[in-house]
Structures are given as structure tokens and as C-alpha cells.
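Structure record follows, encoded as C-alpha cells.
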Amino acid sequence: MTFTWQYGLEPAYFKKNKQAKQSKYVVVCEGVGQVGNKMPKSFQQLVVPVLLIVASFSIQAEMYQWRDDQGRIHYSDKPPVDAEQKADKVDIRVKNNDFNYMDEDRMESVRREEVNKQVQEDIQLEEQIKNAKTEERKQLKCKRLKNNLKSLEGPVVLVDKDGNQIPMTEKERAEKAEEWRKLYQKHCS
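According to the working numbering, the stretch in the sequence shown is residues 1 to 189, in order.
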């Protein structure tokens, strides 16, 4: 089967595509010439917007809602055939949720409020983290003080830089224990 392309292109024929599983036909062009759109640009620039406008009218279809005898709700693009049932028109237009309808000052104030709200939330979060860290530090210090107090209960031997053992006197041990006890009561009770 042969035919001629419009706009003066060479003849072409249909040939069964043997690689396809279904019986599909592929256009095979023979000869010299470029297959393409030879439509003038000004015509294209006119047709594309017109087609988009026409397509948008079909999107603006009407929708109807009604209840049947059993009380079920039905939706359709056509009203019910029965004259007894009354159909209500349903508004199916897409609502515009952006701020295009607002003036610039209002948009700026809304943005500013959102930024301020986010900054306040960030500050509160940082304070919570800081408080948690200080609470953890406080608990660690209290644990260390408690361990130090327990270590002073029996005889205490200190070790100097050279590794020599120096026994702590009872008076030194009592003073150190009293100092750590006061710190523990002040910060941990």
C-alpha cells in the first residue's frame, strides 16, 4: 500500500513490523526528504492557544448530585431521567489556594508572621536542648560527687605523679568529705 505525504514529501508505504508481538504497522519513508511538520510558525502560534482554550471548555463540565429512593447519593454529568428526583448542581471548580489575589503588603505580612513563628519555634527548641544538656551535666556532676563521697568513707591513699602512695590524714579526709557533702546538698538536693 502506498501513499504520498502532504507538503511534497516522497511516497511512503506501510510495512508490518515483524519485531512487534502484535500486528502494528510502522510508516517507512523512502527517498530523499525530511519528515516533519511543514506548518508555518505563525499558524502554529495561532492554533496551539486556540486548542488549549477549546480544551478548557470541555473541562468546565457540569456535575449533578441527587438521592435515589433508597437514600443513596449519585453523581453524574447529566441530571436524572426521572422527573420525580430533583438534582442539585455541584460546583466542581478548582479553588484557588494561592495568594495571587492578595495585595503585596498582605502577602509580605503573612510571610513575616510565618518567619517569626518559625524563629520562635527554633528558639524554644534550642532552649529545650540546652536545658536537657545542663540537666544531664548536673546529673553527671551529682553522680561524681556521690562517688567521691563514697570513696572517702574508708582509709584514703593518694597517688602522686611519680606513683608514690601518700596516705590522707583523718583531718584532711573529713575536710574533703565535708566540702563535697556541702556541694552535693547545694546542687543535687
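Don't be surprised by glycine CBs; every beta carbon is placed ideally from N, CA and C.
Asked	Found
Could you please give me the residues that DSSP links to TYR75 through a beta bridge?	GLN65
Which residue wins for smallest C-alpha separation from GLU170, given the options GLN118, LEU158 and GLN44?	LEU158
From the DSSP output, in three-state form, read off GLN120 for me.	helix
For ARG137 and HIS187, what's the separation of their Cα atoms in angstroms?	11 angstroms
For the alpha helix (DSSP H) that GLN185 lies in, which residues bound it at each end?	170 to 188
With respect to the beta strand (DSSP E) encompassing GLN165, which residues constitute its N-terminal and C-terminal limits?	165 to 167
Tell me which residues share the same chain as LYS18 and place their Cβ nearer than 8 angstroms to its Cβ, disregarding the 5 neighbours each side in the sequence.	Confidence is the limiting factor: at LYS18 the pLDDT is only 43, short of 50, which leaves the residue's position unreliable and the question unanswerable from this model.
Are ASP82 and HIS74 closer than 8 angstroms when you measure CB to CB?	no
Just verifying my parser: in three-state terms, what is the DSSP assignment at VAL156?	coil
Classify LEU145 as buried or exposed, calling it buried when 16 or more other Cβ atoms lie within 10 Å of its own Cβ.	buried
Rounding to the nearest angstrom, what Cα-Cα distance links LYS117 and ILE129 in this structure?	19 angstroms
Report the option in GLU178, TRP66 and PHE43 whose CA atom is closest to the CA atom of PRO80.	TRP66
Just tell me which of TRP180, ARG106 and ASN131 has its CA closest to the CA of SER151.	TRP180
Work out the CA separation of VAL115 and GLN124 for me, nearest whole Å.	14 angstroms
Please report the Cβ distance between LEU149 and ALA177, rounded to the nearest whole angstrom; I am assuming they are in contact, meaning their Cβ atoms lie under 8 angstroms.	6 angstroms
Tell me which same chain residues have a C-beta within less than 8 angstroms of the C-beta of TYR64, skipping the five on either side of it?	TYR75, SER76, ASP77, LYS78, PRO79, PRO80, ALA87, ASP88, LYS89 and VAL90
What's the gap between the Cα of ASP105 and the Cα of ASP122?	26 angstroms
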